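This report refers to the structure that appears directly beneath it.
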Amino acid sequence: MVVEVLCGRKLWYIFQCHGSSADDSMIEEYMGDWAPGFIPSPDEWEAKLVLLEHGSAFYMCPDTHHTMLTLENLIVKGHHIYAMTTLAKSVMGWIHTCILEYRIANVIHPELHKLLLCIMCHFYRVMTNDNDKGFHYLEIPEMSRNGLLDIITLGNLCIFSFMLLPCIEESHEQVKIAIATATGAYLSLIRKTFWTLGFITNDFNGKETDNEGSFDEEEQSQSGDQDEENSEDASGSEYKP
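Sequential numbering of the sequence shown, starting at 1, is according to full-length UniProt numbering.
So, in structure tokens, the structure goes:
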């Protein structure tokens with residue numbers, strides 16, 4: 001989100017969690033008493049205050065707790081930016097807004113749902129088209145652990161979107177077609193992503209996987225060992241198929 005101040009002044013408070021659950025984005029955090037001066041668990045939460053004046057532009061990460069205080073009459077202009085690096089937070093922030101509605105936001109932004117569905121279809125189109133690895137491929141999350149989790153987060157939104165239909169202000173029949181298309185794209189894409197099994201296997205075995213998430217070297221090593229075994233068998237005088 002970007003906030004530009006055209007005239008006047010405003011105080012903008014943001015609250016960020018730096019504890020062990022900083023990336024969990026639990027909805028319970030939004031349902032407590034967020035009165036001024038209150039921070040749940042001060043050991044894990046940090047509050048910052050920014051003074052916005054004429055000419056200021058403030059960039060804020062999605063799904064960030066915030067509140068503001070207007071010091072004088074002012075005019076502000078806001079924009080929403082949806083970046084791949086904050087994709088998971090964009091998804092979680094919209095879900096929280098959809099569930100809690102005007103208790104935590106003044107605008108629901110139902111159009112974001114359609115945009116997120118389109119992003120999933122875009123991922124599928126680019127990642128499954130070997131002949132199109134041009135500029136658009138740079139927009140796809142890197143196939144690391146974090147990149148895979150971003151895709152899974154967006155995919156879960158596609159799968160469970162029917163639960164959020166009450167907050168979508170358009171024909172449900174049209175939305176159902178879009179949801180089914182995006183869900184099918186996600187399921188087809190995740191089946192083609194061989195990183196998935198590697199991450200899950202290492203998690204079950206209690207091993208840490210390199211953030212790059214590449215298992216090519218391991219596959220090549222295993223393939224090389226197998227080739228050596230076949231070579232030894234083929235050269236042995238006692239070998240029988």
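Note that CB positions come from ideal geometry on N, CA and C, so glycine has one too.
Bear in mind that the values here come from a model prediction, so they are computed numbers and not experimental data.
(Q) Could you check whether Cys118 and Ala185 sit closer than 8 angstroms to each other, using their CB atoms as the reference points? (A) no
(Q) For Glu4 and Glu53, what's the separation of their Cα atoms in angstroms? (A) 9 angstroms
**Q.** Where Cys7 sits in the DSSP three-state scheme
**A.** strand
Q) So the beta strand (DSSP E) Gly78 belongs to, where does it begin and stop? A) Ile75 to His79
Q. Alpha carbon to alpha carbon, how far is Leu87 from Leu51?
A. 27 angstroms
Q. If you compare alpha carbons, which of Gly8, Thr183 and Met1 is closest to Leu69?
A. Gly8
Q: For the alpha helix (DSSP H) holding Leu115, just list the boundary residues, first then last.
A: Glu111 to Met127
Q. Ser90 and Pro62: beta carbons closer than 8 angstroms?
A. yes
**Q.** Element boundaries [beta strand (DSSP E), containing Val91]
**A.** Note, Val91: premise wrong, no beta strand (DSSP E); alpha helix (DSSP H) at Leu87 to Leu100.
**Q.** Rounded separation between Leu189 and Thr97 - CA only
**A.** 28 angstroms
Q) Where does Met127 land, buried or exposed, given buried means 16+ other C-beta within 10 angstroms? A) buried
Q: Pick out whichever of Leu149, Trp94, His80 and Met92 has its Cα sitting closest to the Cα of Met60.
A: His80
Q) With a CB to CB cut of under 7 angstroms and the five nearest residues on each side skipped, what residues in its chain are close to Asn112? A) The sequence as given places Leu at residue 112; Asn does not occur at that position. Trp94.
Q.
By DSSP's criteria, Phe15 is part of a beta bridge. Which residues make up the other side?
A. Ala47 and His65
Q | For Phe58, the residue or residues it bridges with in DSSP | A | Val3
Q) Would you report the Cα separation of Leu11 and Ile104, rounded to the nearest angstrom? A) 18 angstroms
**Q.** Alpha carbon of Ala83 to alpha carbon of Leu116, nearest angstrom
**A.** 11 angstroms
Q) Can residue 242 and Phe162 be called in contact, C-beta distance under 8 angstroms? A) For residue 242 there is no data in the structure shown, the boundaries of the chain being 1 and 241.
Q: Reducing DSSP to helix, strand and coil, say where Thr153 ends up.
A: helix
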